[in-house]
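Participant: Numbering (the numbering used here), first residue to last: 10 to 102.
Below you'll find the structure I mean.
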């Protein structure tokens, strides 16, 4: 089944989810490893939005590490359609 992203999702979101499907990571480590040359700040923003959407979750209160949620795994597998999901409250373009 093909992935059906929300209108607000970007290619960076896909890469973040794919990386978090294999391990917990910080925005800094994600920024170093994704091939889209994203800044740490940009990755941090995207992780926050993905968190509000329920696709990732912070591992600690300090938000230093993120992990993928069950919904995030279902999305990656093409089992969860988020195409109709509205912009998260912390909207960032």
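A virtual CB, placed ideally from N, CA and C, is assigned to each residue, including glycine.
Given the structure is predicted, the values throughout are model-derived calculations rather than measurements.
What residue range is occupied by the uninterrupted alpha helix (DSSP H) comprising residue 80?
Facilitator: From DSSP, the alpha helix (DSSP H) with residue 80 extends over 79 to 85.
Participant: Looking at C-beta atoms only, is the number of pairs between the stretch 10 to 29 and the stretch 58 to 73 that lie closer than 8 Å three or more?
Facilitator: Touching, yes.
Participant: Less than 8 Å between the C-beta atoms of residue 59 and residue 35, yes or no?
Facilitator: The answer is no: Cβ separation not under 8 Å.
Participant: Please state whether the Cβ-Cβ distance between residue 40 and residue 92 is less than 8 Å.
Facilitator: No, Cβ-Cβ distance for residue 40 and residue 92 is not below 8 Å.
Participant: For residue 81, collect the residues of the same chain with a Cβ closer than 6 Å to its Cβ; drop the 5 residues on either side in sequence, then sort them by chain order.
Facilitator: Contacts found: 26, 64 and 65.
Participant: Check whether the Cβ of residue 90 lies closer than 8 Å to any Cβ atom in chain B.
Facilitator: Given the protein chain composition of this structure (a single chain), no chain B is represented.
Participant: Ordered along the chain, which non-local residues of its own chain (more than five positions away) have a Cβ less than 7 Å from that of residue 98?
Facilitator: Contacts found: 61.
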